[in-house]
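J.:
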Amino acid sequence: MTDTNTMTTNFIKNIINDHRRINRFDSRVHTRFPPEPNGYLHIGHAKSICINFGIAGDYAGLCNLRFDDTNPTKEDVEYVESILEDVRWLGFDWQERLFYASDYFEELYQCAVQLIKNEKAYVDDLKADEIREYRGTLTAPGKESPYRNRSVEENLDLFRRMREGEFEDGARVLRAKIDMASPNLNLRDPVLYRIQHARHHRTGDKWCIYPMYDYAHPISDSLEKITHSICTLEFEDHRPLYDWLLDALGVYHPQQIEFARLNLSHTVMSKRKLRQLVEGGYVSGWDDPRMPTISGLRRRGYTPESIKDFCDRIGVAKANSFVDRAFLDHCIREDLHLKAPRVMAVLRPLRVVIENYPEGSVEMLDAEYNAENPELGSRQMPFSQVVYIEQDDFMEDPPKKFFRLAPGREVRLKHAYIIKCERVVKDEQTGEVIELRCTYDPDTRSGMSPDTRKVKGTLHWVSAEQAVKAEVRLYDHLFLKEHPEEDANFTTNLNPNSLEVLTGCMLEPVMTGAERGTRYQFLRHGYFFVDPLDSQTGALVFNRIVSLKDSWAKIQKNKAQK
RNA sequence: UGGGGCGUAGCCAAGUGGUAAGGCAGCGGGCUUUGGUCCCGCCACUCGGUGGUUCGAAUCCAUCCGCCCCAGCCA
Numbered sequence: 196m197t198d199t200n201t202m203t204t205n206f207i208k209n210i211i212n213d214h215r216r217i218n219r220f221d222s223r224v225h226t227r228f229p230p231e232p233n234g235y236l237h238i239g240h241a242k243s244i245c246i247n248f249g250i251a252g253d254y255a256g257l258c259n260l261r262f263d264d265t266n267p268t269k270e271d272v273e274y275v276e277s278i279l280e281d282v283r284w285l286g287f288d289w290q291e292r293l294f295y296a297s298d299y300f301e302e303l304y305q306c307a308v309q310l311i312k313n314e315k316a317y318v319d320d321l322k323a324d325e326i327r328e329y330r331g332t333l334t335a336p337g338k339e340s341p342y343r344n345r346s347v348e349e350n351l352d353l354f355r356r357m358r359e360g361e362f363e364d365g366a367r368v369l370r371a372k373i374d375m376a377s378p379n380l381n382l383r384d385p386v387l388y389r390i391q392h393a394r395h396h397r398t399g400d401k402w403c404i405y406p407m408y409d410y411a412h413p414i415s416d417s418l419e420k421i422t423h424s425i426c427t428l429e430f431e432d433h434r435p436l437y438d439w440l441l442d443a444l445g446v447y448h449p450q451q452i453e454f455a456r457l458n459l460s461h462t463v464m465s466k467r468k469l470r471q472l473v474e475g476g477y478v479s480g481w482d483d484p485r486m487p488t489i490s491g492l493r494r495r496g497y498t499p500e501s502i503k504d505f506c507d508r509i510g511v512a513k514a515n516s517f518v519d520r521a522f523l524d525h526c527i528r529e530d531l532h533l534k535a536p537r538v539m540a541v542l543r544p545l546r547v548v549i550e551n552y553p554e555g556s557v558e559m560l561d562a563e564y565n566a567e568n569p570e571l572g573s574r575q576m577p578f579s580q581v582v583y584i585e586q587d588d589f590m591e592d593p594p595k596k597f598f599r600l601a602p603g604r605e606v607r608l609k610h611a612y613i614i615k616c617e618r619v620v621k622d623e624q625t626g627e628v629i630e631l632r633c634t635y636d637p638d639t640r641s642g643m644s645p646d647t648r649k650v651k652g653t654l655h656w657v658s659a660e661q662a663v664k665a666e667v668r669l670y671d672h673l674f675l676k677e678h679p680e681e682d683a684n685f686t687t688n689l690n691p692n693s694l695e696v697l698t699g700c701m702l703e704p705v706m707t708g709a710e711r712g713t714r715y716q717f718l719r720h721g722y723f724f725v726d727p728l729d730s731q732t733g734a735l736v737f738n739r740i741v742s743l744k745d746s747w748a749k750i751q752k753n754k755a756q757k
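In structure tokens:
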């Protein structure tokens, strides 16, 4: 992993540096990550998590984890549990500072009472659609509710009775008394509390009125003595309300700062759309390895380090942006490059018989796990008369620059010998190549010195007799289009080939013991993860995390386009 | 047509009056028992456009253009 984070700067850090220069907030830095438990976290949330916990770490400050659980009808403990797991998995520690907005319901209520007493809030009897009408439009000012000038006593009484459950859902709301003519719609007497006779996942039936985000959030930040309340751009318009409320209450006042949320190419990021993919059966669940959710990336085999590195390197700014998926791929390849043992796996086997190799004899060849990281050690690989190679590594009539196996041509089998293709055996019916008859040069075993000849191609292979069968799942972009959300019905852009399941894959015998949740490089293919749920000893299942870069495939693709 | 933001390479992004960092992608070459990695080189005479201020402007001013967000009793 690169160590760019400590050197990178961004506009948020610039603001914080300014604050520290003038000793604002006593030079403290205290952030918070405030998810609503109404869905699973995705990589966009990871960006926010990394910013909030990262900045706290950079300035020796603190970062709280706080659930913004103010809407019981949409939230659930299933989500809070998954969120806790995801943040923890990413490697962040909120220590003893796990909070819930619902912990503050009583304080929030008392603050509302104070606003009423100061004639800064009132109970409105208008119905939802009436409030909408009274709000006006983007260009026309709104008009004041007929209930706007009730007495403090009446407001206090009504608000208390709202809490006590005297009224039906939607019968009344508590509103801030600000300015119905404000060009900022958020200031046109925003709703602070609504009546919802709903059971809350933490407070149960204690409450039947629930605070709105715009009301609960600033006060929660204030109570926690947050210094920098970092959120996404769409809340920029809400900042005047955030500031108004805290000023109206005369309480500790954090600074809200907004940044642009992350968009990733070839996928969708909104909770609503991700939910649609799950509920529509387009994917197997929130943790489907094709999903951009934290749980999906984890199931796929991405490391927390690679995700953090990615988040650190994409930067933080206010311009809307679309980060290329290729950059995420780059980050995981870089992370696994030295970490992952490199082993042989033949995904689409082609049988090769080495005619001059003594039948029935097996020799063990030494093979290091990672030539660039000797610490990973080595293992023994059996070599025998019958091996499998990749179907793609043989062509009967190869093009110019193909330097793999072809009739009459030689290649090296990595860690073993140079072999020559003598004959091609085909299925009499279909004409399909079903076996290669080859010879080997016994003087070319790896490690022998002097090395005999140089050949252009080196192939991976597996000895047939000892091979371990496995299932391998190859993943590709979930969507064909770079920006699938451009179309109203984004599901039409789904990639029909985003998952390919290969069942007859042949692995070298050392892989028998591959443990769930571990990562390997399959030589010349990519990085693979032993599926933590589906893999069994004797029935191994691998997820492709990311392929290796493949310049041969690129050449082929460019040629095909011409 | 109200308000709030944002425009630096194909994609991110630094840059805060002194002459355009870095990464990804791409292209060319070297090395290579992974067509991987690694190494070397190329890739913005110009910062949305146009005027202006200045010895000097991506940075300041004016004006125009483009894109995003806001009319939930969601967050």
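So the first sequence is numbered by my numbering: it starts at 196 and just counts up by one.
Just so it is clear, CB atoms sit at the ideal spot from N, CA and C, and this is done for glycine as well.
Can you check whether the CB of Ala-393 is closer than 7 Å to the CB of Thr-268?
T.: For Thr-268 and Ala-393, yes; Cβs fall inside 7 Å.
J.: Taking DSSP as the reference, what is the three-state secondary structure of Ile-244?
T.: Ile-244: helix per DSSP, three-state reduction.
J.: Please determine if the stretch 364 to 382 and the stretch 240 to 247 are in contact, where contact requires at least 3 C-beta pairs separated by less than 8 Å.
T.: No, they do not touch.
J.: At the level of alpha carbons, what is the spacing between Leu-631 and Val-548?
T.: When rounded, the distance between both Cα atoms is 6 Å.
J.: Would the stretch 529 to 537 count as touching the stretch 680 to 694 if we require 3 or more Cβ pairs under 8 Å?
T.: No: the two stretches stay apart, fewer than three of their Cβ pairs being nearer than 8 Å.
J.: By how many angstroms is the C-alpha of Ala-443 removed from the C-alpha of Phe-228?
T.: C-alpha separation (whole angstroms): 25 Å.
J.: Just checking my contact of Val-816 with Phe-454 at CB under 8 Å: how many whole Å lie between their CB atoms?
T.: Since the first and last residues shown for the chain are 196 and 757, residue 816 lies out of range.
J.: My parser needs the beta strand (DSSP E) runs of 3 or more residues fully inside the stretch 621 to 693; what are they?
T.: If we require 3 residues or more, the beta strand (DSSP E) runs fully inside the stretch 621 to 693 come out as 628 to 636 and 663 to 670.
J.: Could you tell me which of Glu-710, Gln-716, Arg-719 and Gly-652 sits nearest to Asp-726, measuring between CA atoms?
T.: Answer by Cα proximity: Glu-710.
J.: Measure the alpha-carbon distance for Asn-209 versus Glu-349 and round it to whole angstroms.
T.: So the alpha carbons of these two residues sit roughly 48 Å apart.
J.: So, for Ser-730: in the same chain, excluding its five sequence neighbours on each side, which residues have a beta-carbon less than 6 Å away from its beta-carbon?
T.: Hits under 6 Å: Arg-711 and Val-736.
J.: Is the stretch 423 to 439 close to the stretch 329 to 337, with three or more CB pairs under 8 Å?
T.: These segments do not touch.
J.: With burial defined as no fewer than 16 other Cβ atoms inside 10 Å of the residue's Cβ, what is the status of Met-706: buried or exposed?
T.: It counts as buried.
J.: Going by beta-carbon coordinates alone, are Pro-406 and Tyr-437 separated by less than 7 Å?
T.: Contact: no.
J.: If I'm right that Thr-488 touches His-237 with Cβ under 8 Å, what's the distance once you round it to whole angstroms?
T.: Contact holds; Cβ gap of about 5 Å.
J.: Output the residue ranges of the alpha helix (DSSP H) runs that lie fully inside the stretch 250 to 292 and measure 4 residues or longer, sorted by chain position.
T.: Fully enclosed alpha helix (DSSP H) runs of 4 or longer: 272 to 285.
J.: When you compare the CB positions of Gly-337 and Arg-383, do they come within less than 7 Å of one another, or not?
T.: For Gly-337 and Arg-383, yes; Cβs fall inside 7 Å.
J.: Exposed or buried, what is Ala-748 when buried is set at 16 or more other beta-carbons lying within 10 Å of its beta-carbon?
T.: Exposed, since its Cβ has fewer than 16 Cβ neighbours within 10 Å.
J.: Name the DSSP bridge partner or partners of Arg-546?
T.: Paired residues: Tyr-583 and Glu-630.
J.: Is the separation between the beta-carbon of Pro-499 and that of Gly-239 shorter than 7 Å?
T.: Cβ atoms of Pro-499 and Gly-239: not closer than 7 Å.
J.: Return the CA-CA distance between Asp-221 and Gly-256, expressed in angstroms with no decimal places.
T.: Roughly 12 Å separates the two Cα atoms.
J.: For His-225, report the span of its beta strand (DSSP E) as first-last.
T.: Residues 225 to 228.
J.: Please name the residue, chosen from Lys-754, Arg-355, Pro-378 and Ile-250, that lies closest to Pro-594 on a Cα-to-Cα basis.
T.: The shortest Cα separation from Pro-594 among Lys-754, Arg-355, Pro-378 and Ile-250 belongs to Lys-754.
J.: In or out: Phe-578 buried (at least 16 other Cβ within 10 Å) or exposed?
T.: Its Cβ being crowded by 16 or more others within 10 Å, Phe-578 is buried.
J.: Given that a residue counts as buried once 16 or more other Cβ atoms are within 10 Å of its Cβ, and exposed if not, what is Pro-230?
T.: That one is buried.
J.: Answer with buried or exposed for Lys-596, where buried requires no fewer than 16 other C-beta atoms within 10 angstroms of its C-beta.
T.: So Lys-596 counts as exposed.
J.: Between the stretch 550 to 570 and the stretch 578 to 589, do at least 3 Cβ pairs fall closer than 8 Å?
T.: Taking 8 Å as the limit for Cβ pairs, the verdict is that the stretch 578 to 589 does touch the stretch 550 to 570.
J.: Just checking my contact of Tyr-612 with Tyr-635 at CB under 8 Å: how many whole Å lie between their CB atoms?
T.: Yes, they are in contact, since the Cβ atoms of Tyr-612 and Tyr-635 sit about 4 Å apart, within 8 Å.
J.: Count the other C-beta atoms from every protein chain shown that fall within 10 angstroms of the C-beta of Pro-385, then say buried if there are 16 or more, exposed otherwise.
T.: The residue in question, Pro-385, is buried, as its Cβ has 16 or more Cβ neighbours within 10 Å.
J.: Please give me, in chain order, every unbroken run of the beta strand (DSSP E) with length at least 3 that falls completely inside the stretch 490 to 557.
T.: With a minimum length of 3 residues, the continuous beta strand (DSSP E) runs that stay inside the stretch 490 to 557 are 516 to 518 and 544 to 549.
J.: Kindly list the residues whose CB is nearer than 6 Å to the CB of Phe-717, restricted to its own chain and excluding five residues on each side of it in sequence; keep chain order.
T.: Excluding residues within five positions, the ones whose Cβ falls inside 6 Å are Ala-540 and Phe-723.
J.: If you check the beta carbons only, do Tyr-295 and Asp-319 fall under 7 Å apart?
T.: Contact flag unset, no.
J.: Using the rule of at least 16 other Cβ atoms within 10 Å of the residue's Cβ for burial, across every protein chain shown, is Ser-297 buried or exposed?
T.: Ser-297 comes out buried.
J.: In whole angstroms, give me the CA-to-CA distance for Met-559 and Pro-637.
T.: Their Cα atoms are separated by approximately 14 Å.
J.: Give me the Cα-Cα distance between Asn-379 and His-433, rounded to the nearest whole angstrom.
T.: Taking the straight line joining both Cα atoms gives about 9 Å.
J.: Compare the Cα-Cα distances from Arg-493 to each of His-396, Glu-280 and Asp-416 and report the closest residue.
T.: Ranking the options by Cα distance to Arg-493, first place goes to Glu-280.
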